[in-house]
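Using the numbering used here, you'd call the opening residue of the sequence shown number 227 and step up by one each time. A quick write-up on the structure given underneath.
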Amino acid sequence: MNITQMNRALDALREKYSVSRSGKIVSGGTLETEAGQVTLLPWRVERRFVELRNIASNGTLEGISTLRFASITPGGGLEAQLMREFDLVAWIAGAPVTNVFASCATGGCAANVIAALKNGVKASIECSNKLPDGAEPIDRHEIIAARGVASDRCVDTQVPQSSLYLYGAEGESRYSDVDFELFGFSGEETGLVRAAFAVLSNPELGAAWNAAAGEAEKCVRAAFKSDRDRKAREC
């Protein structure tokens, strides 16, 4: 991850759209501003999740009962994976997580969580970080309702698809640029730059994201405590 290039892209966006507030992305997905540090939640600016949230809140689905989320990555901390999924659950469903029951594998490599939300919706979260090094992350997020089902993946899609495939003498190459102003960055880098720009564009967003990150971290701690105690825990 090239943080220097990401901050150059962030400054270019600020200049293009006349955003006066300044800040710098630092390691760990954090934005440093004059007002303090902000925990970036890049999934909240990712189009597929924004659309899922819209579908969940605008009446397209009726009687939402369950969220089924899964995230499989090559390495990385299980805590960070769970934090992302807990925040997505609460943000998409529009209600905080109140209770969790979790089973976590020894060594912090996998977790299965059942969560209850304040609005009565239930969620299942599956995480693993045991994909081979260099593999593309695999995830899927589904909403199940009394009338309708929504997903961030196409029907019957098992793994994320790329926008362009190139087959040459040296093998297969894939390209998935998703932002016309941020060509050349990975999906993770693009998300962080866009999240940082969103915070700098909206002064109220930083405090909201810090609070949301705090709530998600509470759920992560409750999940690991549930695993140790073998009982449901409040977040």
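Glycine residues also receive a C-beta, built at the ideal position from the N, C-alpha and C atoms. This structure is a prediction, so every number in the text was calculated from the model and none was measured.
Nearest-angstrom Cα distance between Gly397 and Val245? For the purposes of this step, residue 397 is taken as the residue at position 171 of the sequence shown. For the purposes of this step, residue 245 is taken as the residue at position 19 of the sequence shown. So the two alpha carbons sit approximately 43 Å from each other.
Under a Cβ-count criterion, where at least 16 other Cβ atoms within 10 Å of its own Cβ denotes burial, should Gln231 be classed as buried or exposed? Taking the first residue of the sequence shown as 1, we reach residue 231 at position 5. Flag for Gln231 reads exposed.
Can the beta-carbon of Ala422 be found less than 9 Å from the beta-carbon of Gly302? To locate residue 422, count along the sequence shown from 1; it is residue 196. To locate residue 302, count along the sequence shown from 1; it is residue 76. Contact flag unset, no.
Environment of Cys355 [buried if 16+ CB atoms lie within 10 Å]: Position 129 of the sequence shown, counted from the start, is the residue given in the question as residue 355. Note on identity: in this sequence residue 355 is Asn, with Cys being the wrong assignment. The residue is buried, with at least 16 neighbouring Cβ atoms inside 10 Å.
Just grab the DSSP bridge partners of Leu278 for me. As a working note, residue 278 is residue 52 in the sequence shown. Bridge partners of Leu278: none, in fact.
DSSP-derived helix/strand/coil call for Arg420: Position 194 of the sequence shown, counting from 1, holds the residue named residue 420. It is helical.
Contacting residues, own chain, Cβ-Cβ under 8 Å from Asn220 (five flanking each side not counted): The structure shown does not extend to residue 220, since the chain is modelled only from 227 to 461, so the question has no answer here.
Please state if the CB of Ile290 and the CB of Ser253 are separated by a distance shorter than 9 Å. The count along the sequence shown starts at 1 and reaches residue 253 at position 27. The count along the sequence shown starts at 1 and reaches residue 290 at position 64. No, they are not a contact pair.
Work out the CA separation of Phe275 and Glu407 for me, nearest whole Å. Reading the sequence shown from its first residue, position 181 is the one you call residue 407. Reading the sequence shown from its first residue, position 49 is the one you call residue 275. If I take the Cα positions, the gap works out to 20 Å.
By DSSP, does Asp365 sit in helix, in strand, or in coil? In the sequence shown, the residue the question calls residue 365 occupies position 139. Residue state, collapsed to three classes: strand.
When you compare only the Cα positions, how much space is there between Ala435 and Phe312? Translated into the one-based positions of the sequence shown, residue 435 becomes position 209. Translated into the one-based positions of the sequence shown, residue 312 becomes position 86. The residue you asked about is not Ala; residue 435 is Trp in the sequence shown. Cα to Cα, the separation comes out at about 13 Å.
Within 10 angstroms of its Cβ, does Gly417 collect 16 or more other Cβ (buried), or is it exposed? Working through the sequence shown from its first residue, we reach residue 417 at position 191. Looking at its Cβ environment, which holds 16 or more other Cβ atoms inside 10 Å, Gly417 is buried.
If you compare alpha carbons, which of Tyr401, Asn338, Asn280 is closest to Phe377? Position 151 of the sequence shown holds residue 377. Residue identity check: residue 377 is Ser in the sequence provided, not Phe. Closest option to Ser377, Cα to Cα, is Asn280.
Hey, would you say Leu308 sits closer than 9 Å to Ala449, going by beta carbons? As a first step, residue 308 must be located in the sequence shown, where it is residue number 82. As a first step, residue 449 must be located in the sequence shown, where it is residue number 223. A distance below 9 Å separates the beta carbons of Leu308 and Ala449.
My assumption, with CB atoms under 8 Å, is that Ser402 sits in contact with Gly394. Please give the rounded CB distance. For this step, residue 402 is matched to residue 176 along the sequence shown. For this step, residue 394 is matched to residue 168 along the sequence shown. Contact flag wrong, Cβ pair sits at about 17 Å.
In chain order, what residues of the same chain lie with their CB nearer than 6 Å to the CB of Pro363, ignoring the 5 residues before and after it? As a first step, residue 363 is located in the sequence shown; it is residue number 137 there, counting from the start. By the criterion of a C-beta distance shorter than 6 Å, Pro363 is surrounded in its chain by Thr299, once the five residues flanking it on both sides are discounted.
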